[in-house]
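Heads up: the structure comes next, in structure tokens.
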Amino acid sequence: MSCCSASLVSSPCLSTYETNMTVAAQRPPYLLVRTARCIDLLTHASKQAPLTPSPASLHSHRLQLLPTPSTEFSLSSLFPHIRLPLSSIFSLFLPFYTHIPSPLRSPLTTPGQAHTRMKSNTIAQIETLDLTNQKRINEVHRFSLLVLGAMCCICTSFCYAFNLISGDMQTKYNLTQRDLSTISCLGMVFTYFAIPYAFIFDYLGPIPVAAIAIVCLPVGSICLALTFMNVIEGSVAKLAVFNGMMGGGSIQFDLVAMMPIMSYFPTRKGYVTVLLKTFSGLGQALVGTIFIGFFSSKADRHLFFLAAFAVVTGVLSMLFLRLPPYHLTGYEMSHLPAEEKAARERTKAQYLAQKPPMWRFMWGFCCIVFFIIYLPVQSVIIAFIHVSHTTEIIFAIVASVVFGLFACLCLPWTACCGTSRPDSSDDDTRNTVKGGDIVGNAEFEDMHAEVAQIEESTMGKHEPLSGDKNMTSELNHSDAEVCEKMPVVTDLDYIAPQYSTTFIQNLLSTELWSVFWSLFVAVGAQLVVIFNAAYILGALQGEKVTSEVRTLLTVINGTGSAIGRIMMSVFEVYTQNRKAEDRIPITIALFPPTCAVLLALILFLALPGNLSLLLPFVLIAVANGIVNAAIVLITRTIYAKDPAKHYNFCFFAMCLSAIVLMRGLYGEWYSKQAEKNGSSLVCYGRNCVQVILIVLTCLSSTGFATNIYVHLRYRAFNNRTLRARAQMREMENVEGQPEIMGEIGAFTKEPIGDDKKPQPVGH
Numbered sequence: 001m002s003c004c005s006a007s008l009v010s011s012p013c014l015s016t017y018e019t020n021m022t023v024a025a026q027r028p029p030y031l032l033v034r035t036a037r038c039i040d041l042l043t044h045a046s047k048q049a050p051l052t053p054s055p056a057s058l059h060s061h062r063l064q065l066l067p068t069p070s071t072e073f074s075l076s077s078l079f080p081h082i083r084l085p086l087s088s089i090f091s092l093f094l095p096f097y098t099h100i101p102s103p104l105r106s107p108l109t110t111p112g113q114a115h116t117r118m119k120s121n122t123i124a125q126i127e128t129l130d131l132t133n134q135k136r137i138n139e140v141h142r143f144s145l146l147v148l149g150a151m152c153c154i155c156t157s158f159c160y161a162f163n164l165i166s167g168d169m170q171t172k173y174n175l176t177q178r179d180l181s182t183i184s185c186l187g188m189v190f191t192y193f194a195i196p197y198a199f200i201f202d203y204l205g206p207i208p209v210a211a212i213a214i215v216c217l218p219v220g221s222i223c224l225a226l227t228f229m230n231v232i233e234g235s236v237a238k239l240a241v242f243n244g245m246m247g248g249g250s251i252q253f254d255l256v257a258m259m260p261i262m263s264y265f266p267t268r269k270g271y272v273t274v275l276l277k278t279f280s281g282l283g284q285a286l287v288g289t290i291f292i293g294f295f296s297s298k299a300d301r302h303l304f305f306l307a308a309f310a311v312v313t314g315v316l317s318m319l320f321l322r323l324p325p326y327h328l329t330g331y332e333m334s335h336l337p338a339e340e341k342a343a344r345e346r347t348k349a350q351y352l353a354q355k356p357p358m359w360r361f362m363w364g365f366c367c368i369v370f371f372i373i374y375l376p377v378q379s380v381i382i383a384f385i386h387v388s389h390t391t392e393i394i395f396a397i398v399a400s401v402v403f404g405l406f407a408c409l410c411l412p413w414t415a416c417c418g419t420s421r422p423d424s425s426d427d428d429t430r431n432t433v434k435g436g437d438i439v440g441n442a443e444f445e446d447m448h449a450e451v452a453q454i455e456e457s458t459m460g461k462h463e464p465l466s467g468d469k470n471m472t473s474e475l476n477h478s479d480a481e482v483c484e485k486m487p488v489v490t491d492l493d494y495i496a497p498q499y500s501t502t503f504i505q506n507l508l509s510t511e512l513w514s515v516f517w518s519l520f521v522a523v524g525a526q527l528v529v530i531f532n533a534a535y536i537l538g539a540l541q542g543e544k545v546t547s548e549v550r551t552l553l554t555v556i557n558g559t560g561s562a563i564g565r566i567m568m569s570v571f572e573v574y575t576q577n578r579k580a581e582d583r584i585p586i587t588i589a590l591f592p593p594t595c596a597v598l599l600a601l602i603l604f605l606a607l608p609g610n611l612s613l614l615l616p617f618v619l620i621a622v623a624n625g626i627v628n629a630a631i632v633l634i635t636r637t638i639y640a641k642d643p644a645k646h647y648n649f650c651f652f653a654m655c656l657s658a659i660v661l662m663r664g665l666y667g668e669w670y671s672k673q674a675e676k677n678g679s680s681l682v683c684y685g686r687n688c689v690q691v692i693l694i695v696l697t698c699l700s701s702t703g704f705a706t707n708i709y710v711h712l713r714y715r716a717f718n719n720r721t722l723r724a725r726a727q728m729r730e731m732e733n734v735e736g737q738p739e740i741m742g743e744i745g746a747f748t749k750e751p752i753g754d755d756k757k758p759q760p761v762g763h
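When the sequence shown is numbered by the UniProt record's numbering, its final residue is 763 and no position is left out of the sequence of numbers.
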């Protein structure tokens with residue numbers, strides 16, 4: 001709720017006015033540029049003169065909150081037409097405004113200096129929310145998109161499809177370990193080098209990215225199938241290109257799914273991560289189970305099946321998957337009129353406040369838990385026990401039915417969620433903030449009714465009020481009373497503080513590069529171990545790994561990764577549902593995967609060569625799941641702008657780690673040791689991998705140091721923002737408003753436009 005609902009002007013297009021006021025010495029020196037509604041309220045209350053809103057002068061829903069130095073400076077980087085002396089800095093807190101932090105510690109000298117890097121006194125963007133006159137979100141629609149996102153994440157898991165034919169290809173073309181490392185490395189480079197797609201996504205949205213994915217993944221899959229069928233003559237270069245096309249297409253499906261769905265559920269990121277990222281890990285096993293039962297187990301037909309599934313999913317994504325209204329692309333930001341952009345950004349309040357029904361998430365969680373248990377168990381049964389084809393068909397039918405049940409979570413089951421109301425999704429929605437900041441009590445309901453009455457009295461009036469001045473004065477008095485009563489609802493009541501700088505600006509910050517290095521060393525070690533698990537285990541044991549143990553390693557990797565994703569998501573849900581002051585900074589999620597990788601590498605070096613070596617493989621698998629979930633949660637939580645670029649920049653760290661650590665370190669060292677032992681394919685003995693493990697251990701320890709740096713920096717940023725929020729609320733609760741108002745100077749009714757400068761009253 002906000003007092004803005006009590007505005008005397010009901011037009012959606014509001015004027016932005018510049019206020020030039022002075023505050024008492026004990027007040028914090030903040031520069032605030034407000035939206036028109038509260039200014040209209042003050043103008044009517046003090047002068048009883050109507051204001052005519054100028055849609056052309058509308059600039060933004062936000063205001064700038066800057067730590068002010070003691071000298072005069074120019075705001076040319078923010079408002080080129082304004083130059084204010086610091087003696088005119090004011091502070092007037094009313095319930096409808098938005099803060100945007102300044103990254104400055106010193107006066108501005110050049111326009112480009114405003115957001116060069118994040119300084120130590122930066123605070124987050126604090127937006128107050130206007131929850132009035134909001135259109136209720138269709139839960140069936142956004143949960144349908146969630147199911148479509150799960151299908152996209154299943155396509156993401158197809159990047160591992162080359163493993164199905166790698167053994168046959170090695171035998172058929174006499175490929176060395178160096179050749180296999182080259183093919184796998186190029187596939188991962190194409191998979192994780194997703195920055196170009198991120199620029200396309202942030203500027204144009206998900207449709208062009210989905211179109212590219214429809215081409216890349218199916219073509220790569222079909223070419224691998226034709227190579228397996230001897231239609232295309234295989235070589236290292238061709239296999240690497242085909243595998244790279246599959247990898248490039250799969251990561252685009254991940255981008256198409258994760259970014260829009262996260263925006264549709266901004267306060268339920270952990271739940272979404274559980275449902276989507278788990279399918280990224282188990283999708284290949286799910287599709288494989290269905291294919292083995294209903295089709296043949298031949299690899300070429302399996303690859304054709306993957307291509308068909310990717311085409312269907314991509315077409316559905318192009319037809320139905322869109323960004324929510326408040327998530328504006330770069331093209332929309334530069335081409336939409338200011339009024340439409342403001343109206344669309346205002347809908348963010350509804351996405352933050354309306355709670356999706358939990359029973360739908362619980363429905364999905366039950367299916368996910370079933371798959372985590374069922375898929376590994378049936379894989380082990382098929383691998384260790386030669387079951388009949390009828391049993392394989394039963395396994396496929398069960399998997400298909402459960403996935404169909406998962407898709408049913410988007411159906412309009414009104415009996416489960418109760419009667420829908422136009423202002424909330426369930427009974428809890430009326431409690432504006434979960435965690436105790438603001439609660440739905442009788443006083444809040446009274447204010448809600450009072451605001452509704454005022455809105456009703458002004459409904460349909462798009463012109464300035466005129467006529468009875470007594471009526472206007474009485475209405476203004478009611479507006480003021482409601483504004484005094486209403487608690488301020490900010491975005492921090494729902495989400496954590498976010499850096500408001502762009503991706504290009506964050507490239508000059510140490511925080512982003514610290515995250516990059518942490519992922520480089522942690523994920524690099526995971527890729528080396530996971531993609532070469534059988535070879536590493538064989539080297540440590542000094543003997544060839546059996547097919548049963550290979551299957552067990554695959555099951556461990558899939559199950560452990562899924563468990564890690566769930567653990568990370570549960571942590572996000574746990575901390576998100578707490579009060580803003582009690583939340584644990586999400587950057588703490590960088591520590592578990594780094595610690596797990598470090599411990600696993602030490603165990604590889606210390607444990608004897610027996611099945612006890614499976615324990616570090618379990619740790620690596622869990623760490624892989626945690627880091628895959630942490631990447632999307634951290635980037636979407638701490639960065640407000642360019643979500644796709646920040647997200648895929650983390651994948652770029654994986655891309656480099658695949659080149660440097662997997663192909664460069666592991667591939668070359670292992671191949672040389674194998675050649676020394678008289679074999680070009682495999683190497684048995686600890687000397688084959690010991691140096692690799694030692695180097696990875698040293699690198700992982702440096703990642704722990706960068707984790708500490710990132711966490712301390714963001715925690716300080718988080719604390720500064722929460723202190724500013726608390727200070728804002730304290731000032732709004734200060735009694736003696738007439739005395740404060742007496743300290744405030746006059747303001748102008750002249751709107752701020754691009755072609756005119758504001759003039760103080762009396763000029």
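Every residue, glycine too, gets a C-beta built ideally from N, C-alpha and C.
DSSP state of residue i mapped onto helix, strand, coil
i, result
"residue 139", "helix"
"residue 495", "coil"
"residue 127", "strand"
"residue 331", "helix"
"residue 490", "strand"
"residue 16", "Below a pLDDT of 50, predicted positions are generally treated as unreliable, and residue 16, at 31, falls in that range; no measurement from the model is reported."
"residue 326", "coil"
"residue 684", "coil"
"residue 662", "helix"
"residue 266", "coil"
Beta carbon of residue i nearer than 8 Å to that of residue j
i, j, result
"residue 599", "residue 630", "no"
"residue 651", "residue 194", "yes"
"residue 249", "residue 205", "no"
"residue 182", "residue 720", "no"
"residue 327", "residue 503", "no"
"residue 377", "residue 551", "no"
"residue 150", "residue 294", "no"
"residue 218", "residue 353", "no"
Expected contact under 8 Å - CB spacing of residue i and residue j to nearest Å
i, j, result
"residue 281", "residue 561", "4 Å"
"residue 252", "residue 160", "Between residue 160 and residue 252 the Cβ distance is about 16 Å, and since that is not below 8 Å, they are no contact."
"residue 625", "residue 564", "2 Å"
"residue 703", "residue 594", "5 Å"
"residue 407", "residue 314", "That belief does not hold up - the Cβ atoms of residue 407 and residue 314 are roughly 17 Å apart, past 8 Å."
First through last residue of the alpha helix (DSSP H) which encompasses residue i
i, result
"residue 173", "163-173"
"residue 179", "177-192"
"residue 612", "Element bounds for residue 612: n/a, residue is neither H nor E."
"residue 604", "591-606"
"residue 223", "206-228"
"residue 287", "269-294"
"residue 340", "338-346"
"residue 510", "510-531"
"residue 386", "Segment: none, residue 386 is in no alpha helix (DSSP H) and carries neither H nor E."
"residue 569", "547-576"
"residue 301", "299-320"
"residue 656", "643-657"
"residue 674", "668-676"
"residue 504", "503-506"
Distance cut-off 7 Å: residue i Cβ against heavy atoms of the ligand ATP
i, result
"residue 204", "This structure lacks the ligand ATP, and indeed carries no ligand of any kind."
Cutoff 8 Å: residue i Cβ touching any chain B Cβ
i, result
"residue 312", "You won't find chain B in this structure, because it holds only one protein chain."
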